[in-house]
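Okay, structure first, notes after.
Protein chains: 2
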Amino acid sequence: MPDAPPTRERLIDAAARNFRRRGYAATGVKAVLRESHAPYGSLYHHFPGGKSDLGVAAIERGSEEYLELTQMYFDDDDTPLDVCIERFFLGAADLLIATDFEDACPIATIAGEIASTDAAMRAAAGRAFESWIAVVEARLAREGITRDTARRCAVQLFCAIEGAFLLARTTRSTEPLLAAGAGVIAALPAT
Amino acid sequence: MPDAPPTRERLIDAAARNFRRRGYAATGVKAVLRESHAPYGSLYHHFPGGKSDLGVAAIERGSEEYLELTQMYFDDDDTPLDVCIERFFLGAADLLIATDFEDACPIATIAGEIASTDAAMRAAAGRAFESWIAVVEARLAREGITRDTARRCAVQLFCAIEGAFLLARTTRSTEPLLAAGAGVIAALPAT
DNA sequence: GTCTCGCTAGATCGATCAATCTAGTCGCTA
DNA sequence: TAGCGACTAGATTGATCGATCTAGCGAGAC
Numbered sequence: 001m002p003d004a005p006p007t008r009e010r011l012i013d014a015a016a017r018n019f020r021r022r023g024y025a026a027t028g029v030k031a032v033l034r035e036s037h038a039p040y041g042s043l044y045h046h047f048p049g050g051k052s053d054l055g056v057a058a059i060e061r062g063s064e065e066y067l068e069l070t071q072m073y074f075d076d077d078d079t080p081l082d083v084c085i086e087r088f089f090l091g092a093a094d095l096l097i098a099t100d101f102e103d104a105c106p107i108a109t110i111a112g113e114i115a116s117t118d119a120a121m122r123a124a125a126g127r128a129f130e131s132w133i134a135v136v137e138a139r140l141a142r143e144g145i146t147r148d149t150a151r152r153c154a155v156q157l158f159c160a161i162e163g164a165f166l167l168a169r170t171t172r173s174t175e176p177l178l179a180a181g182a183g184v185i186a187a188l189p190a191t
Numbered sequence: 001m002p003d004a005p006p007t008r009e010r011l012i013d014a015a016a017r018n019f020r021r022r023g024y025a026a027t028g029v030k031a032v033l034r035e036s037h038a039p040y041g042s043l044y045h046h047f048p049g050g051k052s053d054l055g056v057a058a059i060e061r062g063s064e065e066y067l068e069l070t071q072m073y074f075d076d077d078d079t080p081l082d083v084c085i086e087r088f089f090l091g092a093a094d095l096l097i098a099t100d101f102e103d104a105c106p107i108a109t110i111a112g113e114i115a116s117t118d119a120a121m122r123a124a125a126g127r128a129f130e131s132w133i134a135v136v137e138a139r140l141a142r143e144g145i146t147r148d149t150a151r152r153c154a155v156q157l158f159c160a161i162e163g164a165f166l167l168a169r170t171t172r173s174t175e176p177l178l179a180a181g182a183g184v185i186a187a188l189p190a191t
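As you go down the protein sequences, you meet chains G and S in turn.
Position 164 (the first sequence) corresponds to 164 in this note's numbering; numbering is contiguous.
Position 16 (the second sequence) corresponds to 16 in this note's numbering; numbering is contiguous.
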């Protein structure tokens, strides 16, 4: 494997994109293969567990992407907390507009589908949420907010944005993202 | 159409249950037919548009169910608003526990799957959310909260609970529901 | 050189998919 | 009782599903 984007990466890319937009069950492995210009053999070489393994990899890929995005917004302690939150939700709204309400959370659609049916994928999605929450929780702690409250506010923030993504994609409006962001800021403990 | 629970109702029941838990794409019409003890002919007689028509009906069924639930919590003006909200989220947590994290929002899983692929179902899900929001918005208005703020808080509440449902099912924990509920109460305008 | 092995390649498999089809049953009206 | 429309019944269709299979490529080891 010299340098170019290798087959395994192309497979995960195509899978993640399709799973996020169309859903896990609705996306056939053949479509993923076609998009990534890979044959059957490659898929089952890199992912012996088949579609489910590919799903886990796609979730982990999305998890890392969104973790970096979250860090970008919340690890900058020079920006006031409420501004970080506002920008986080506004950025999400911009992304939705830019992709015609197709790309929102990279793992939400999959997570909803397989929460009750695939333990491995469910666990991967759970780890993703926890890693994102940890970033915001740490920032809140740095603001001097107590441990329990920081945790609660961080969890609340991701509940708010995930729900807002769902309502926004469903109603084709960014209103939910704006309302949810404002709500999270309003619920911060008084400093 | 006389009175008894006819085939059409059994079809919608089975479809709604399966779509909500396993997802729309992952549920075959054959499974729905089997569970509702109905033959192919009946499905395409009652739902000429096939699976998609059945999906719309399942969303509308779920929409009505959850509308009634929301009204049960928020139309009682004798109970203080924050208590209504707390009970709403606690009730959701109880439901998740009781169903081993299978039954949450009746339309969330479907909505996430088809938001970018099926206009009719997406519109039905959008109408559902709007109808639920209207109930809470009206209650907030009755509390003397200004029109804009009432709307924002109502939207925020459903963002919070939908996101909390997703995180709760994914992490198999009711913590997100408790955190989200507390957040919505904390974000209410001071009275 | 030639052997090995990571990887590509795609034909092929049985199962299952949503949907269509013809046939038949039942209750109502005339 | 004859006829009609609403509904049930399920065999069948072609497409597509995820997965397995054998075959071969190409670069490094020795």
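Each residue gets a CB set at the ideal place from its N, CA and C atoms; glycine is no exception.
All values derive from a computational prediction rather than experimental measurement.
Inset, instruction - With 7 Å as the C-beta to C-beta threshold (strictly closer), list the residues of the stretch 159 to 172 of chain G near chain S in chain order. - result: So the close ones are C159, A160, I161, E162, G163, A164, L166, L167, R169, T170 and T171.
Inset, instruction - Apply the 10 Å Cβ neighbour rule to Y40/S and answer buried if 16 or more other Cβ atoms are within range, or exposed otherwise. - result: exposed
Inset, instruction - Run the CB neighbour count on G192/S, radius 10 Å, all protein chains shown included, and call it buried at 16 or more, exposed below. - result: Absent from the model: residue 192/S. The displayed extent of chain S is 1 to 191, so no value can be given.
Inset, instruction - Give the straight-line distance between the Cα atoms of R21/G and E68/S, rounded to the nearest whole angstrom. - result: Taking the straight line joining both Cα atoms gives about 31 Å.
Inset, instruction - Taking only the alpha-carbon atoms, compute the straight-line gap between I12/S and A58/S and give it to the nearest angstrom. - result: 6 Å
Inset, instruction - Would you please verify whether the beta carbon of G50/G is less than 8 Å from any beta carbon of chain S? - result: no
Legend entry - Opening and closing residue of the alpha helix (DSSP H) in which A26/G lies: For A26/G, there is no enclosing alpha helix (DSSP H), as DSSP marks it with neither H nor E.
Legend entry - Residues that P106/G contacts on chain S, provided the C-beta gap is smaller than 7 Å: Per Cβ cutoff of 7 Å: no residues; P106/G is ~13 Å from chain S at best.
Inset, instruction - Consult DSSP for F47/S and reduce its assignment to one of helix, strand or coil. - result: coil
Legend entry - Residue-level contact to chain S via CB, E143/G, 8 Å cutoff: no
Inset, instruction - Would you check if there are 3 or more beta carbon pairs closer than 8 Å linking the stretch 159 to 170 of chain S to the stretch 158 to 168 of chain G? - result: yes
Legend entry - For S116/G, the first and last residue of its enclosing alpha helix (DSSP H): No alpha helix (DSSP H) holds S116/G; DSSP gives it neither H nor E.
Legend entry - Collapsed DSSP secondary structure at R172/S in the structure displayed: coil
Legend entry - Option in F129/G, C153/G, I145/G and R147/G with minimal Cα separation from T170/S: F129/G
Inset, instruction - Specify, as a first and last residue, the run of the alpha helix (DSSP H) that A92/S falls within. - result: Here the alpha helix (DSSP H) through A92/S covers L81 to A98.
Inset, instruction - Go ahead and label T191/S buried or exposed: buried means 16 or more other beta carbons lie within 10 angstroms of its beta carbon, across all protein chains shown. - result: By the 16-neighbour rule on beta-carbons within 10 angstroms, T191/S is exposed.
Legend entry - Proximity test, Cβ basis, 8 Å: V155/S and chain G: yes
Legend entry - Closer than 8 Å to chain S by CB, G183/G: Taking Cβ atoms only, chain S reaches closer than 8 Å to G183/G, which makes this a yes.
Inset, instruction - Would you check whether the ligand GTP has a heavy atom nearer than 7 Å to the C-beta of R87/S? - result: As presented, the structure is devoid of all ligands, the ligand GTP included, so that no description of it is given.
Inset, instruction - Output yes if chain S places a C-beta closer than 8 Å to the C-beta of F101/G; else output no. - result: yes
Legend entry - Alpha-carbon to alpha-carbon, A104/G and T174/G: 11 Å
Legend entry - Proximity of P80/S and I145/S at Cβ, strictly below 8 Å: no
Inset, instruction - Pick helix, strand or coil for F74/S, following the three-state DSSP scheme. - result: helix
Inset, instruction - Sort V136/G, H45/G, A124/G and K51/G by Cα distance to K30/G and report the nearest one. - result: K51/G
Legend entry - G144/S (DSSP reduced to helix, strand or coil): coil
Inset, instruction - Identify the contact partners of G126/G in chain S, using a Cβ-Cβ distance below 7 Å as the criterion. - result: By Cβ distance, chain S contributes T170 and T171.
Inset, instruction - Check each candidate in E143/G, F89/G and A138/G and name the one with the smallest Cα separation from L177/G. - result: F89/G
Legend entry - Sequence-distant residues of its chain with Cβ nearer than 8 Å to R142/S (five each side left out): D77
Legend entry - Through-space distance from I110/S to A38/G, alpha-carbon basis: 30 Å
Inset, instruction - Determine the chain S residues that contact G112/G at a beta-carbon separation under 7 Å, and present them in chain order. - result: Result: A108, T109, G112 and L166.
Legend entry - Inter-residue Cα distance where the pair is A150/G and L140/G: 5 Å
Legend entry - Burial state of P2/G, where buried means 16 or more other Cβ atoms lie within 10 Å: Caution applies to P2/G, whose pLDDT of 38 falls short of 50 and renders its modelled position unreliable; the value that the coordinates give is listed next. P2/G is exposed by the Cβ-count criterion.
Legend entry - Test: R34/S CB closer than 8 Å to a CB of chain G: Contacts with chain G at 8 Å (Cβ-Cβ) do not include R34/S.
Legend entry - Contacting residues, own chain, Cβ-Cβ under 8 Å from A25/G (five flanking each side not counted): E113
Legend entry - Per-residue DSSP class, three states only, for T191/S: coil
Legend entry - Cβ neighbours of A154/G in the same chain (closer than 7 Å, five flanking residues each side left out): I133, V136, E137 and L140
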